[in-house]
Amino acid sequence: MQHVRIATYKQTAGTFEELARLIQAPGGLADVFRATPGFVAYTFADLGDGTNCSISVWASAEAAETATAAARTWTAANIADLGHLVDDRTGRLGFVVGDLASVPA
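According to numbering that gives the first Met the number 0, the sequence shown is numbered sequentially starting from 0.
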């Protein structure tokens, strides 16, 4: 069964757009996730009021846990000055409706 990792962050500096660019840049968290076995999908959202949400889908619980460790390492090394982790959870994914990759940015 696929699993999901949902992490929320409190952004304390910079802009959401800046953070999204860093995540998508070469060597960014998106690349780290793509290179991790079991990767299915990843998205990043601005929830307002300086709160951001990272949602990734993984082929297994083990892959989701590996991603959690990788995300913490990358975040500490690359964007720690822009905010901090508020909550980080993994769990079973029930279903997905639609194609997130086709949503315009």
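Each residue gets a CB set at the ideal place from its N, CA and C atoms; glycine is no exception.
Values in this document were obtained by computation on a predicted structure and should not be read as measured data.
Asked, Found
"In angstroms with no decimal places, state the Cα-to-Cα distance between residue 9 and residue 84.", "6 Å"
"Distance, Cα to Cα, residue 58 vs residue 14?", "31 Å"
"In this structure, how does DSSP classify residue 1 when only helix, strand and coil are distinguished?", "coil"
"Quick one: grab the DSSP three-state call for residue 30.", "helix"
"Could you work out which residue in 69, 39 and 68 is closest to residue 56 when comparing CA atoms only?", "39"
"Using DSSP with H/G/I as helix, E/B as strand and the rest coil, what is residue 42?", "strand"
"So within the stretch 57 to 82, which uninterrupted alpha helix (DSSP H) runs reach at least 4 residues, ignoring any that extend past its ends?", "60 to 77"
"In or out: residue 74 buried (at least 16 other Cβ within 10 Å) or exposed?", "buried"
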